[in-house]
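Residue numbers (the numbering used here): 35 to 316.
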């Protein structure tokens with residue numbers, strides 16, 4: 035897909051961060067946006083920003099972890115158009131905490147949003163895309179944590195690894211319908227994900243959230259840069275797209291030197307403790 039002018043694009047998690055910036059980027063290229071988020075005011079603000087620039091957008095209050103909520107949104111969209119051209123399953127939650135310090139309830143919550151949210155979106159919109167017979171594209175937001183899983187992120191890494199594996203399988207399955215599938219895998223991006231993350235156990239007790247947020251701000255890799263890479267990946271029909279220098283580094287290191295990565299992860303202190311300590315010393 036080389037031209038987005040007049041294309042119908044749905045982005046979940048569009049109230050802020052990568053979702054909002056990607057919606058803006060598609061709008062700049064003439065796409066017609068459907069925006070979804072559980073944050074009703076935030077997604078309306080994204081709509082206002084797009085419409086203020088002369089773009090076209092609709093906003094939906096939607097809980098992607100709830101299949102009925104996603105289906106209700108899909109039915110409303112399909113009343114006006116035959117199908118989407120591009121579906122971006124971007125909504126997600128962050129979570130930090132060692133395995134035995136995270137509750138099973140938290141595991142269920144994160145998996146429902148990060149994994150089932152992607153599946154619910156695909157189930158609701160792919161049949162119409164296939165029925166139309168004119169191709170399309172799906173973008174699923176994974177993470178560099180799907181390449182290298184640090185000890186503080188067992189739940190987040192598990193959820194994003196599931197998204198990556200599902201996306202690769204779905205890409206093979208949808209190829210016969212000329213529907214491309216891309217898994218984007220961002221690294222450390224300055225978005226509200228840390229502020230909104232669930233932090234449990236020792237990391238919470240040590241007050242690491244504020245220090246990690248400070249590190250993300252200092253790193254300051256902007257979501258607008260991710261958005262530009264998303265559009266490029268769709269245009270080129272890329273299957274897996276690491277985004278940010280550290281994401282590419284993790285992608286290649288895990289493939290070229292897995293034993294070295296394993297040694298680093300198991301022999302040093304927790305990653306988020308190291309970066310938050312760095313933010314203090316700096």
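Backbone N, C-alpha and C define an ideal beta-carbon position, used for all residues, glycine too.
- Note that the C-beta distance between residue 159 and residue 118 is below 8 Å.
- When the Cα atoms are used, residue 109 and residue 115 turn out to be separated by approximately 10 Å.
- Linking residue 264 to residue 294 through their CA atoms gives a straight-line distance of about 30 Å.
- Shown here for residue 282: same chain residues with a beta carbon closer than 7 Å to its own, the five before and five after excluded, namely 276 in chain order.
- Take the alpha-carbon of residue 136 and the one of residue 86: they are about 43 Å apart.
- If only uninterrupted beta strand (DSSP E) runs of at least 3 residues are considered, those enclosed by the stretch 89-143 are 90-95 and 120-123.
- Between residue 182 and residue 217, the C-beta gap is not smaller than 8 Å, which leaves the two residues out of contact.
- Per DSSP, reduced to three states, the secondary structure at residue 174 is strand.
- Secondary-structure assignment with DSSP links residue 71 through a beta bridge to 95.
- In this structure residue 96 does not touch residue 56 by the C-beta definition: roughly 17 Å separates them, more than the 8 Å allowed.
- Between residue 208 and residue 197, the alpha-carbon positions lie close to 16 Å from each other.
- For residue 42, the pairing in a beta bridge is given by DSSP as 66.
- Counting along the chain, the unbroken beta strand (DSSP E) around residue 215 starts and ends at 213-220.
- Close CB contacts of residue 153 within its chain, under the 8 Å cut and outside five residues either way in sequence, are with 200 (chain order).
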